[in-house]
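From first to last, the protein sequence lines stand for chains A and B. Under this note's numbering, think of the first position of the first sequence as 1498, with each following residue one higher. Under this note's numbering, think of the first position of the second sequence as 5, with each following residue one higher. Here is the structure we will look at, set down as structure tokens.
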Amino acid sequence: GAGVSQSPSNKVTEKGKDVELRCDPISGHTALYWYRQRLGQGLEFLIYFQGNSAPDKSGLPSDRFSAERTGESVSTLTIQRTQQEDSAVYLCASSLRGYEQYFGPGTRLTVT
Amino acid sequence: DQQVKQNSPSLSVQEGRISILNCDYTNSMFDYFLWYKKYPAEGPTFLISISSIKDKNEDGRFTVFLNKSAKHLSLHIVPSQPGDSAVYFCAAISFNKFYFGSGTKLNVKP
Chain A
1498 GAGVSQSPSN
1508 KVTEKGKDVE
1518 LRCDPISGHT
1528 ALYWYRQRLG
1538 QGLEFLIYFQ
1548 GNSAPDKSGL
1558 PSDRFSAERT
1568 GESVSTLTIQ
1578 RTQQEDSAVY
1588 LCASSLRGYE
1598 QYFGPGTRLT
1608 VT
Chain B
5 DQQVKQNSPS
15 LSVQEGRISI
25 LNCDYTNSMF
35 DYFLWYKKYP
45 AEGPTFLISI
55 SSIKDKNEDG
65 RFTVFLNKSA
75 KHLSLHIVPS
85 QPGDSAVYFC
95 AAISFNKFYF
105 GSGTKLNVKP
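Right under this line is the structure:
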């Protein structure tokens, strides 16, 4: 399939450990977004990459969160020293033009 | 501060009837609005959108209405089908940043 893929699909980690989440966008899509969805809540914007422009990091909740994207391909979201409140589904989306985003299936992160 | 709100966490409708999902927003700078549909264990999928310069957009069984003076958005599904049962998110865009509501879980009963 040519959709957005994310790995791992599930991640259980101990409090204090670092985790790395991966997103493979649709080939050719210049824009990539990361969101977080906590239980019972809506999608919370984290970070936005557009081509080679500087990313919009305004949604990152703390300096423990960081993300990188290599060109217009894979992106990784890193959470350092995880806390229990980081437990959520992390969703990645990509788009080519306009406003239609294509979402991946998400990574469910559980911090114990 | 949540700029997009969906005040009904759930909605139950009989098959064949109309489903109306509502969304309110606070930021008058939003220039585009979208509805997404989400099944369990899947990412949201785009359903329908509307520009802020319009007040209605229709696509098959789905119609989105925008009332800018009330800062209110609604999605009408008619006739509703059991396969429409999912969580529906509204979203609004300002300067390429998306703001999502908390979702409404729609259950269409056969």
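We put the beta carbon where it would ideally sit given N, CA and C, even for glycine.
Original post:
From P1522(A) to S1502(A), what distance separates their C-alpha atoms?
Top reply: Numbered from its first residue, the first sequence carries residue 1522(A) at position 25. Numbered from its first residue, the first sequence carries residue 1502(A) at position 5. If you draw a straight line from the Cα of P1522(A) to the Cα of S1502(A), it is about 7 Å long.
Subject >> Inter-residue Cα distance where the pair is D63(B) and I52(B) >> reply: The count along the second sequence starts at 1 and reaches residue 63(B) at position 59. The count along the second sequence starts at 1 and reaches residue 52(B) at position 48. One Cα belongs to D63(B), the other to I52(B), and the distance between them is close to 7 Å.
Subject >> beta strand (DSSP E) runs wholly inside the stretch 25 to 66 of chain B, at least 3 long, in chain order >> reply: Within the stretch 25 to 66 of chain B, the runs of beta strand (DSSP E) that reach at least 3 residues and sit entirely inside it are, in chain order, 36 to 42, 49 to 55, 60 to 63.
**OP:** Report the residue ranges of all beta strand (DSSP E) runs contained in full by the stretch 1515 to 1583 of chain A; include only those spanning at least 3 residues, in chain order.
**Re:** Qualifying beta strand (DSSP E) stretches, in chain order: 1516 to 1521, 1528 to 1534, 1540 to 1547, 1562 to 1566, 1572 to 1576.
Original post:
Where F37(B) and H1526(A) are concerned, what is the direct C-alpha to C-alpha distance, given to the nearest angstrom?
Top reply: Residue numbering aside, residue 37(B) sits at position 33 when the second sequence is read from its first letter. Residue numbering aside, residue 1526(A) sits at position 29 when the first sequence is read from its first letter. Computed Cα separation, rounded: 21 Å.
Subject >> Neighbourhood of V17(B) by C-beta, 6 Å cutoff - its chain only, sequence neighbours within 5 removed >> reply: Working through the second sequence from its first residue, we reach residue 17(B) at position 13. Counting only Cβ-Cβ distances below 6 Å, and skipping sequence neighbours, we find S23, S84, V112.
Original post:
According to the neighbour-count rule (16 or more other Cβ atoms, all chains shown, within 10 Å of its Cβ), is F73(B) buried or exposed?
Top reply: To locate residue 73(B), count along the second sequence from 1; it is residue 69. The amino acid at residue 73(B) is misidentified as Phe; the sequence shows Ser. With fewer than 16 Cβ atoms within 10 Å of its Cβ, S73(B) is classed as exposed.
Original post:
Considering only the beta carbon of each residue, do F1600(A) and G47(B) sit closer than 7 Å?
Top reply: The count along the first sequence starts at 1 and reaches residue 1600(A) at position 103. The count along the second sequence starts at 1 and reaches residue 47(B) at position 43. Yes.
Original post:
Which first and last residues belong to the beta strand (DSSP E) in which Y1596(A) is found?
Top reply: Counted from its first residue, the first sequence places residue 1596(A) at position 99. Where Y1596(A) is concerned, there is no enclosing beta strand (DSSP E), given that its DSSP letter is neither H nor E.
Original post:
Do you know how far the Cα of Y1530(A) is from the Cα of K93(B)?
Top reply: By one-based count along the second sequence, residue 93(B) stands at place 89. By one-based count along the first sequence, residue 1530(A) stands at place 33. For the record, residue 93(B) in the displayed sequence is Phe; it is not Lys. Annotation: F93(B) to Y1530(A) spans about 16 Å, alpha carbon to alpha carbon.
Subject >> Candidates C1520(A), G1513(A), S1591(A), K1508(A), of which the one nearest A1564(A) by Cα >> reply: On the first sequence, residue 1564(A) is found 67 positions in, with the first residue counted as 1. Nearest to A1564(A) by alpha-carbon distance, out of C1520(A), G1513(A), S1591(A), K1508(A), is C1520(A).
Subject >> 8 Å contact criterion, which V1516(A) and T1609(A) should meet: CB distance rounded >> reply: Within the first sequence, numbered from 1, the residue matching residue 1516(A) stands at position 19. Within the first sequence, numbered from 1, the residue matching residue 1609(A) stands at position 112. Not quite, the Cβ-Cβ distance comes to about 12 Å (not below 8 Å), so this is no contact.
**OP:** Could you name the residues of chain B that E1582(A) contacts, counting a contact when the two beta carbons are closer than 7 Å?
**Re:** By one-based count along the first sequence, residue 1582(A) stands at place 85. Going along chain B, no residue has its Cβ under 7 Å from E1582(A), so there is no contact; the nearest lies around 17 Å.
Original post:
Which residues in chain B sit within 9 Å of E1569(A), going by Cβ to Cβ distance?
Top reply: Sequence index remark: in the first sequence, residue 1569(A) carries index 72 (1-based). The premise fails here: E1569(A) is roughly 16 Å from chain B at the closest Cβ pair, so nothing lies under 9 Å.
Original post:
Is the Cβ of P1522(A) closer than 7 Å to any Cβ of chain B?
Top reply: On the first sequence, position 25 is the one that residue 1522(A) refers to. By this cut-off, P1522(A) is not an interface position.
Original post:
Ends of the beta strand (DSSP E) at K1508(A)?
Top reply: Residue numbering aside, residue 1508(A) sits at position 11 when the first sequence is read from its first letter. Note, K1508(A): beta strand (DSSP E), 1507 to 1510.
Original post:
L1540(A) touches chain B at which residues, Cβ-Cβ below 7 Å?
Top reply: Translated into the one-based positions of the first sequence, residue 1540(A) becomes position 43. Under the 7 Å cutoff, chain B gives F93, F104.
Subject >> Anticipated Cβ contact below 8 Å, A1528(A) with S1570(A), distance rounded >> reply: Residue numbering aside, residue 1528(A) sits at position 31 when the first sequence is read from its first letter. Residue numbering aside, residue 1570(A) sits at position 73 when the first sequence is read from its first letter. Between A1528(A) and S1570(A), the beta carbon gap of about 13 Å keeps them out of contact (Cβ cut-off 8 Å).
**OP:** Please compile the residues from chain B whose C-beta is within a distance smaller than 7 Å of the C-beta of L1588(A).
**Re:** As a working note, residue 1588(A) is residue 91 in the first sequence. Under the 7 Å cutoff, chain B gives G47.
Original post:
Beta-carbon of F34(B) versus every beta-carbon of chain A: anything under 7 Å?
Top reply: The residue you call residue 34(B) lines up with position 30 of the second sequence. For F34(B), the answer is no, since every Cβ of chain A falls outside 7 Å of its Cβ.
Original post:
For A1514(A), does the count of other Cβ atoms within 10 angstroms reach 16, so buried, or fall short, so exposed?
Top reply: The sequence position of residue 1514(A) within the first sequence is 17, counting from 1. In the sequence as displayed, the identity of residue 1514(A) is Lys instead of Ala. Residue environment for K1514(A): exposed (fewer than 16 other C-beta atoms within 10 angstroms of its C-beta).
Subject >> Option in C1589(A), Q1598(A), E1597(A), Y1596(A) with minimal Cα separation from L1518(A) >> reply: In the first sequence, counting from the first residue as 1, residue 1518(A) sits at position 21. Considering only alpha carbons, the answer is C1589(A).
Subject >> Identity of the residue in K75(B), P114(B), R65(B), F50(B) nearest S56(B) by Cα >> reply: Your numbering for residue 56(B) matches position 52 in the second sequence. Comparing Cα positions, the closest option is K75(B).
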